[in-house]
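Step one of this worksheet: look at the structure below.
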Amino acid sequence: AVSWKAYDWDEFMKIPGCQAGEHSTEDKKKKFMGGTDLRAECAPKRLDDDVPLEPRKKLDKLRAGLEAVGVESELFDRAWGRLAAKHCDLALVSDKMGQATTE
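As structure tokens, then:
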């Protein structure tokens with residue numbers, strides 16, 4: 007190995023950097039996969055990515071999600087039906103049902 011000495015900044019800057027090895031400017035290729043590399047394919051899928059804009063379709067999606075976790079669809083239908091009778095606004099009903107399930 008060549009030993010270089012520099013006594014001021016200009017001389018120091020003239021010393022060439024490492025050509026290969028630990029301090030090289032070449033990009034290193036990954037030698038192993040880390041946590042995020044391994045978890046990327048198993049990452050949870052967001053459920054709200056494809057939420058429809060129409061209130062009735064929102065309620066249908068919410069019902070399907072609740073059925074998937076064991077909630078009876080009749081119970082869900084009764085709950086949103088009562089809210090619809092009370093508020094007469096399906097958009098408000100779908101928002102309230104969405105809020106109720108995320109609390």
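For the sequence shown, this note's numbering assigns the number 7 to the initial residue and increments by one for each residue that follows.
Note that beta-carbon positions come from the ideal geometry of N, C-alpha and C, so glycine has one too.
A quick note: this is a predicted structure, and the numbers were derived from the prediction, not measured.
Residue i to residue j span [Cα, whole Å]
{"i": "Gly40", "j": "Ala46", "result": "10 Å"}
{"i": "Asp95", "j": "Leu72", "result": "22 Å"}
{"i": "Leu98", "j": "Lys35", "result": "53 Å"}
{"i": "Glu109", "j": "Leu44", "result": "32 Å"}
{"i": "Val75", "j": "Pro50", "result": "16 Å"}
{"i": "His93", "j": "Val77", "result": "24 Å"}
Neighbourhood of residue i by C-beta distance below 7 Å, restricted to the same chain and skipping five residues each side
{"i": "Phe18", "result": "Ala12"}
{"i": "Ala90", "result": "Leu96, Val99"}
{"i": "Lys102", "result": "Leu89"}
Assigned exposure category for residue i - 16 Cβ within 10 Å defines buried
{"i": "Ser100", "result": "buried"}
{"i": "Lys64", "result": "buried"}
Close-in-space but distant-in-sequence residues of the same chain around residue i (CB under 8 Å, 5 per side omitted)
{"i": "Ile21", "result": "Trp10, Ala12"}
Own chain residues within Cβ distance below 6 Å of residue i, not counting five before or after
{"i": "Pro61", "result": "Leu96, Ala97, Ser100"}
{"i": "Ser79", "result": "Arg69, Glu73"}
{"i": "Gln105", "result": "none"}
- State whether the segment 77 to 87 contacts the segment 57 to 69, with contact taken as three or more CB pairs (one from each stretch) at a distance under 8 Å. Short answer: they touch.
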